[in-house]
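Start counting at 1 in the sequence shown, then tack on 455, and there's your number in this note's numbering.
Report on one structure; see the data block that follows.
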Amino acid sequence: MTTNTNSDPAQVPIFERIDTYEEWKRDEGVKLHGGLYIKDLYSLELDYWPRKGVNGAVVYLDGDEDTDEHVIEIGPAGKTNPEHHMFNEVIYVLSGRGATSVWYDESKKQTFEWAEGAYFSIPMNATYQHFNGSGSEPTRMVSVTTLPGMIRKFITPDFIWNNPYVFPDRLNTEEGWASGSGSMYKGRIWETNFLPDAANMPMPEWHERGAGGTNIMLSLADNTVASHISEFPVGTYKKAHRHGPGAHLLITGGVGFALVWKNEDMSDLVKADWQRGSLYLPTQDADNEYFHQHFNVGTTPARYINMSPANSRKYAVRRGSNDISKQGEIRAMVSIKEGGIQLEYEDESRRVHEIFEEELRKHGQECRMKNLIPYCTGVEGPQNKKGSLKAWE
């Protein structure tokens with residue numbers, strides 16, 4: 456230490472910047488994965504994760520900032536170690552069946568059962584434990600968490616995992632907290648704590664996003680976590696749009712691909728093939744400059760869950776969130792020409808549809824977008840519908 460602030464710059468040490476999340480990953484002793492996206496979570500390599508007490512892995516993709524992905528596999532008749540933590544986590548059951556116990560007060564512990572396709576979120580800092588209900592088959596789960604942002608903000612791991620604070624408004628102590636019941640609101644918003652079968656649940660139409668699709672907006676974990684589920688028919692694709700980071704798209708059904716690009720001439724176009732069990736981040740920067748678009752070339756409707764634990768649909772996360780013109784779920788279905796973030800079919804490059812029809816031919820499928828794209832060589836299919844900010848004013 457010194458009181459001399461006029462030292463020779465060439466003689467003083469470099470001021471080190473520490474990434475507490477990267478330090479945590481290094482010290483955690485868990486299998487690590489990265490890259491652009493994960494094509495198949497079902498076959499992702501795992502190893503023993505001491506904290507969980509089961510096999511697992513941490514995934515931190517190129518587009519991740521304040522979020523990451525945790526994959527665990529519980530062996531037959533196995534269970535995870537109980538844990539609680541100061542970060543949000545949304546969980547999807549990839550395979551198997553079992554149960555989860557959750558509590559702030561162990562005398563008021565609640566246990567709910569789940570099976571493949573279930574989707575839920577544990578209230579922040581509640582203690583929980585997962586159990587495999589099969590004595591012969593493993594169960595695999597994937598979650599998206601806000602750990603990177605939280606540990607970088609608070610620095611001390613002990614604050615994250617050994618914090619005694621109880622959130623009194625996060626876990627209803629009455630039985631049935633995770634019964635699967637909920638409340639429906641305008642804008643296709645379903646308020647609930649537990650979805651027994653997110654992969655197959657019926658959903659309202661959302662044609663403004665294109666291709667005759669359906670959608671439901673989710674408000675989970677006592678309204679502290681948001682997600683949404685979308686599905687679109689065979690032989691179709693959704694309209695392109697762009698937004699900031701945070702969306703993690705988990706494919707729960709169908710076969711297809713995504714296109715991602717930033718340059719107007721699409722010279723930087725990236726194509727990512729996906730299938731059931733794929734996970735990818737459609738946005739690669741925080742400036743909302745990357746367009747992305749989803750295409751179905753399979754024989755069944757394509758469905759994905761946008762796993763997004765960092766946002767709340769009820770509580771504002773940034774200034775101006777109550778302004779309709781700034782709400783992502785509204786702007787997502789409005790043309791960029793009218794203040795939205797969506798590229799309408801008539802404004803997209805002809806190259807997009809040509810790529811789609813070429814991929815359909817490879818899969819032996821027919822395009823069903825003649826009503827949407829004039830130069831489509833296929834059949835009529837769904838009608839077009841456009842969204843407007845004025846409709847929500």
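Think of the CB as a built atom: it goes at the ideal place given N, C-alpha and C, for glycine as much as any other residue.
Remember, predicted model here, so these are calculated numbers, not experimental data.
Asked                                                                                                                : Found
Distance between Gln565 and Gly665 (C-alpha atoms, nearest Å)                                                        : 41 angstroms
Which of helix, strand or coil DSSP assigns to Thr457                                                                : coil
The beta strand (DSSP E) enclosing Leu724, as first and last residue numbers                                         : Where Leu724 is concerned, there is no enclosing beta strand (DSSP E), given that its DSSP letter is neither H nor E.
Val807, enclosing alpha helix (DSSP H) - first and last residue                                                      : 805 to 817
C-alpha gap between His696 and Leu798, whole angstroms                                                               : 6 angstroms
Cross-strand partners of Lys486 (DSSP beta bridge)                                                                   : Ala512
Start-to-end residues for the beta strand (DSSP E) that takes in Phe750                                              : 746 to 751
Integer-rounded CB distance, given that Arg758 should sit under 8 angstroms from Met686                              : The identity of residue 686 in the sequence shown is Glu, whereas the question assumes Met. 4 angstroms between Cβ atoms; contact.
Extent of the continuous beta strand (DSSP E) to which Trp716 belongs                                                : 711 to 716
When Tyr559, Arg472, Asp521 are compared against Glu544, the one with the closest alpha-carbon                       : Asp521
Touching by the beta-carbon criterion (3+ pairs, under 8 angstroms), the region 568 to 576 and the region 545 to 556 : yes
Burial state of Ala532 (16 or more Cβ within 10 Å)                                                                   : exposed
Span separating the alpha-carbon of Glu646 from that of Pro659                                                       : 14 angstroms
Buried/exposed call for Thr535, threshold 16 Cβ in 10 Å                                                              : buried
Spatial distance of Thr669 from Arg472 (CA atoms)                                                                    : 46 angstroms
Local Cβ density within 10 Å of Thr600, reported as buried at 16 or more and exposed below that                      : buried
For Gly604, the first and last residue of its enclosing alpha helix (DSSP H)                                         : 602 to 609
Per-residue DSSP class, three states only, for Leu540                                                                : Rather than Leu, the amino acid found at residue 540 in this sequence is His. Three-state DSSP puts His540 in coil, outside helix and strand.
Counted within 10 angstroms of its Cβ, other Cβ atoms place Ala771 as buried (16 or more) or exposed                 : exposed
Assumed close pair Phe750, Phe811 - CB separation to whole angstroms, cut-off 8 angstroms                            : 5 angstroms
Local conformation of Ser498 per DSSP, three classes                                                                 : helix
Beta-carbon proximity of Leu705 to Met762, cut-off 8 angstroms                                                       : yes
Closest Cα partner of Gly819 within the set Gly833, Arg806, Leu827, Ile828                                           : Gly833
Backbone CA spacing between Thr691 and Arg595 [nearest angstrom]                                                     : 31 angstroms
Three-way DSSP call (helix, strand, coil) for Thr475 in this model                                                   : helix
Of the residues Asn648, Arg806, Asn587, Thr755, the one placed nearest Glu821, counting alpha carbons only           : Thr755
Straight-line gap, Ser498 to Glu528 (C-alpha atoms, nearest Å)                                                       : 11 angstroms
Selected residue, minimal CA-CA separation from Val689, among Gly637, Val752, Lys769                                 : Val752
C-alpha gap between Asp502 and Gly794, whole angstroms                                                               : 47 angstroms
Rounded C-alpha distance that separates Gly484 from Val789                                                           : 45 angstroms
6 angstroms Cβ shell around Thr611 - same chain, five flanking residues per side excluded                            : none
Beta-carbon spacing of Asn618, Met541 below 8 angstroms                                                              : yes
Every unbroken beta strand (DSSP E) within the region 640 to 702, with a cutoff of 3 residues, ordered by chain      : 644 to 647, 669 to 675, 680 to 687, 695 to 697
Separation of Pro537 from Thr663, as counted between CA atoms                                                        : It should be noted that the sequence gives Glu, not Thr, for residue 663. Straight-line Cα distance between these residues: approximately 44 angstroms.
Residue range of the unbroken beta strand (DSSP E) whose run includes Asp523                                         : 523 to 529
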